[in-house]
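To keep things clear, I will list the structure first and then write my remarks on it.
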Amino acid sequence: MKTEDIKAYCQSKNRAYEDHPFGDIPVCYKLNGKIFAQIYPLEEDRKITLKCSRDAGDFYRQVYPGIVVRGYHCPPVQQPFWNTVYHDRLPDEELLNMIDHAYEQVLHSFSRKVQKELETEPSETGEEECSDLEKKKRKKN
106 MKTEDIKAYC QSKNRAYEDH PFGDIPVCYK LNGKIFAQIY PLEEDRKITL
156 KCSRDAGDFY RQVYPGIVVR GYHCPPVQQP FWNTVYHDRL PDEELLNMID
206 HAYEQVLHSF SRKVQKELET EPSETGEEEC SDLEKKKRKK N
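Sequential numbering from 106 applies to the sequence shown in the working numbering.
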């Protein structure tokens, strides 16, 4: 799957947005301020790091050894909750499933009230696609 297609899929998730908190690379996709995907688009080292549950992380690493590895950039205590995927060697459908899982992991990390707000379609007022909580965070900075 091409990097641009992966970016478009991440961006298509409800209320997801692109951010660059660490510079040009990685390209991060967030929901309400929390990262669910980090894309490394360099041609010689194309990969994506995705949020995951411990069980899903273990499962994918066992099914796709060498293609799906623990989050390479994460501190050891967080590695079970992030997978780095060399997506050129993974079936596209599986990659999309992993992105869906990453998005759901982040969505379900919020309170039910915030989840409900995030699950609604963004307003058509032209405002950024983020929750009131995220807007408040951004105002402080």
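Glycine included, C-beta positions come from ideal geometry on N, C-alpha and C.
Because the structure is a prediction, the values reported are computed rather than measured.
Span of the alpha helix (DSSP H) holding residue i?
i	result
F164	159 to 168
E149	Counting along the chain, E149 falls outside any alpha helix (DSSP H), and DSSP gives it neither H nor E.
K112	108 to 117
Q210	197 to 212
Among the residues of its own chain, which have a CB less than 7 angstroms from the CB of residue i, if the five just before and after it don't count?
i	result
Y169	L195
C115	A121, Y134, A142, I204
If the criterion is Cβ atoms closer than 8 angstroms, does the pair residue i and residue j meet it?
i	j	result
V132	K112	yes
L223	N137	yes
Go ahead and pull the three-state DSSP assignment for residue i.
i	result
K241	Any answer about K241 is weak, because its pLDDT of 47 lies below 50 and its placement is not dependable; what the coordinates show is given next. If DSSP states are grouped into helix, strand and coil, K241 belongs with the helices.
L136	strand
V174	strand
V190	strand
Q143	strand
D124	strand
P131	coil
P181	coil
Closer than 6 angstroms by C-beta to residue i: which residues in its own chain qualify, once you throw out the five before and the five after it? Chain order, please.
i	result
Q143	P131, C133, T154
T189	K152, T154, V174, G176, Y177
Grab the span of the beta strand (DSSP E) containing residue i for me, first residue to last.
i	result
R217	Segment 217 to 224 is the alpha helix (DSSP H) holding R217; no beta strand (DSSP E) there.
H153	Looking at the sequence provided, one finds Ile at residue 153 rather than His. Here the beta strand (DSSP E) through I153 covers 152 to 156.
Grab me the residues of residue i's own chain with a C-beta within less than 8 angstroms of its C-beta, minus the 5 sequence neighbours each way, in chain order.
i	result
E198	none
S158	F186, H206, Q210
V108	The displayed chain sequence assigns Thr, not Val, to residue 108. Result list for T108: I144, P146, R151, in chain order.
F127	C133
When you compare each of the options to residue i by their alpha carbons, which one comes out closest?
i	options	result
D129	P181, P146, H206	P146
E148	S216, M106, K139, A161	M106
D193	H213, Q183, D150	D150
Y191	I172, R166, F215	I172
I140	R166, C179, D160	C179
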